[in-house]
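Take the sequence shown: its position 37, counting from 1, is numbered 40 in our numbering, and each next residue is one higher.
Where is the CB? At the ideal position from N, CA and C, for every residue including glycine.
Have a look at the structure below before the remarks.
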Amino acid sequence: MMKLLFGITLIVNLLAPLSNIAFAFSIKILIDAGLAQNLERLTAALQLSGAVICGFVIMNYFAKWLTNIYAQNKINYYRTFLINSIFELNYQEFSSIKSSDYQHILLNETNQIQQDYLQGRFNIYRNIALIIYSLLGMFIGNFILAVLVLIATAIPILISSLTAKKGTYHKQQLLKQEKTYSNTIKEIIGGYLTIKNYQAESAIKQRYKQQLDNYSKAQSKLKNIENQTDTISELSGLIVFLVAFGGGMIMTAKGYTTIGSVTAIVQLVNFVVMPINELGILFTRFRGAYDINRELTKLFTHNKAPVNYIQNKNFTNKISLNQISFHYPKNKTLILSNLTVDFNKGKKYAIIGSSGGGKTTIFKLLLKFYTPNKGKILVDDTPLNELPISWWYQQIAVVDQEVFIFNNTLAYNVTIGRHFAQEKIIQALQQAGLANFLKQINYNLNYQCGENGANLSGGQQQRLCLARAFLQAKPIILLDEATSALDYKASDIIENTLLNDTNLTLIAITHQTKISPLYDQILKLENQQLIPVLDTN
Ligand SMILES: Nc1ncnc2c1ncn2[C@@H]1O[C@H](COP(=O)(O)OP(=O)(O)O)[C@@H](O)[C@H]1O
Ligand SMILES: [Mg+2]
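This is how it looks when you write it as structure tokens:
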């Protein structure tokens, strides 16, 4: 379908400029008829010119209309591809791109691709076709004059091709500055309270001013180049006209040609010079958008890990970490070293240890955000890296301090858009300790949580996250200081619910000093290893 649309759009764009040529010839007929003082021929020529103008309007409008439809469809397809690709990134790839960059990509950069690449491409084709037709018309009309004009036209093309590269470079610089500038704005707005509270306004303002400066410098540099290119092409336009009219009039004086023909050829020259000017700008923009398109495709095209093991049954036995060593990609210090531990199904584990020791890192490995540098993680004796992530995420849920609340209803925030029965949702919320809150809001599951959960307290947000895990009845739950925003009593109640669920495998990172006796094992992360503190069995 897209290919057919592309084909039709291309053909119409290539045919539309023919109406320009027809116009030049109708002018020739008109002038020659006028000079011959032949009123009958003049009337016919006027009618012809009128008809040609109608054709011109229809063809060119149709070409633009089709181009727009094509570009719109294609860019939406592309944006969908980008979103799908983002979901296919692994965590490491995903987190290597800043969130503001994702916004920039999906909005600004794709806009640029739509205009300068998808639409720009057809504008380029249309202009090139116009140039070719006009040149052909000129050569057929008057060979010698065409050669003279061509030589005069070649000079500005050479000059503009020299400046085009410079223009591309400065355009890229400008985009870079624009990104930094817009990031700073975002930080100022996002960090507003922090900035004011810590009286950092003047430092931030200074940084803002610096970046605004860089941004406007980059803008004026690009504008300068564009102005230079403009002036050169204006000048060369005049020279080309001088050559065409001057040469033409000499030939007319000598009786080689008619004024009508010269006027038509000048008209054709116009149809060569005009698109050449436009092509300079179109090409520069096209190149910029083309580069962005290539970068994006590179960024989002990646090898999908082959899945050679399809697991149908649920997790049955144990998760084993076997001689695991790990450091983060950008930092060579080992966080975990030869760590070995078994987490058995249905058992409850508490992990303690000093802050920054690497407790959360263990969870990141379990969640496949990162792969250990050494050692293996086995799930029921199958290496975790061979298990499909979709299966694994049906088994495991994580609740941590960083709660993400969608600006949507309570129900949406528990189900995240998937379908569940209303009673199940309420049950999960009650289980997570939100029974009182539910009563307060009259069991209204359409309660709006607000932007970033503004209409919920910190503790309610954490409970909501727990409810997500309860609702989907995941056999394994990881808690990463998940009840930090709750008071002891509340967190005890929730913890006990989890600890009394005999089927559930629970691994809880906790900073609490008093650890419930219901845990089967307490493990301390010390010297990059997990050491059992007290075996309650
Ligand atoms: N993405 C990362 N890149 C580099 N270092 C990291 C990253 N995430 C955490 N670290 C470092 O790894 C160490 C362990 O962090 P973490 O596992 O979060 O500790 P804990 O949860 O025990 O407080 C810390 O020194 C932390 O700075
Ligand atoms: Mg942590």
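- Across the set L533, L85 and D504, the C-alpha of L533 shows the shortest separation from the C-alpha of I354.
- Judged by DSSP in its simplified three-state form, K348 adopts coil rather than helix or strand.
- Taking the Cα of H107 as reference, the smallest distance to any Cα among K182, N410, A155 and Q175 is reached at K182.
- F26 sits away from F65, with the two beta carbons spaced by 8 Å or more.
- Here the alpha carbons of L178 and I143 stand approximately 46 Å from one another.
- Buried is the label assigned to C468, since at least 16 other Cβ atoms lie within 10 Å of its Cβ.
- In the three-state reduction of the DSSP assignment, P391 falls in the coil class.
- With a 10 Å radius around the Cβ and a threshold of 16 neighbouring Cβ atoms, G283 comes out buried.
- If the five residues before and after T171 are omitted, its C-beta is found closer than 7 Å to the C-beta atoms of T287, R290 and G291, all from its own chain and listed in chain order.
- Per DSSP, reduced to three states, the secondary structure at F407 is coil, with no helix or strand assignment.
- DSSP links E529 through a beta bridge to Q532.
- Going by C-alpha positions, V406 is about 54 Å away from S164.
- Counting C-beta atoms within 10 angstroms of its own C-beta, P20 has 16 or more neighbours from the protein chains shown and is therefore classed as buried.
- DSSP places S328 inside the beta strand (DSSP E), whose first and last residues are K321 to F329.
- Contact between T70 and F125 is confirmed by a C-beta separation of about 4 Å, below the 8 Å threshold.
- Shown here, D490 sits in coil according to DSSP, grouped into three states, outside any helix or strand.
- Annotation: N410 to A435 spans about 20 Å, alpha carbon to alpha carbon.
- Counting along the chain, the unbroken beta strand (DSSP E) around A511 starts and ends at T508 to I512.
- Residues S52, G263, T266, A267 and Q270 of the same chain have their beta carbon placed closer than 8 Å to that of I30, with the five preceding and five following residues left out of the count.
- Inclusion of S358 in the 7 Å shell around ligand 1 follows from its C-beta lying nearer than that to a non-hydrogen atom of the ligand.
- Take I428, set aside five residues on each side of it, and the residues of its chain with a beta-carbon closer than 7 Å to its own are A414, V417, T418, L448 and L474, in chain order.
- One alpha carbon belongs to Q50, the other to I78, and they sit about 42 Å apart.
- DSSP, read as helix, strand or coil, puts S99 in coil.
- In the pairwise beta carbon analysis, the region 347-365 is classified as touching the region 506-518: at least three pairs are separated by under 8 Å.
- The residue among G140, D294 and K367 with its C-alpha nearest the C-alpha of K168 is D294.
- In the structure shown, the three-state DSSP call for L521 is coil.
- When DSSP reads this structure, A353 sits in a beta bridge with A511 and I525.
- By the Cβ-count criterion, N130 is buried, with 16 or more other Cβ atoms from all chains shown falling within 10 Å of its own Cβ.
- Nearest Cα to I365 within the set V275, L482 and W394: L482.
- Not one heavy atom of ligand 2 falls within 7 Å of the beta-carbon of K527.
- Annotation for F274: N23, L133 and S137 place their beta carbon closer than 6 Å to its own, counting only its chain and skipping 5 residues before and after.
- The Cβ atoms of I198 and I188 do not sit closer than 8 Å to each other.
- Assigned with DSSP and collapsed to three states, S460 falls in coil, not helix or strand.
- If you ignore the 5 residues before and after F28, its C-beta comes within less than 7 Å of the C-beta of A267, all in its own chain and listed in chain order.
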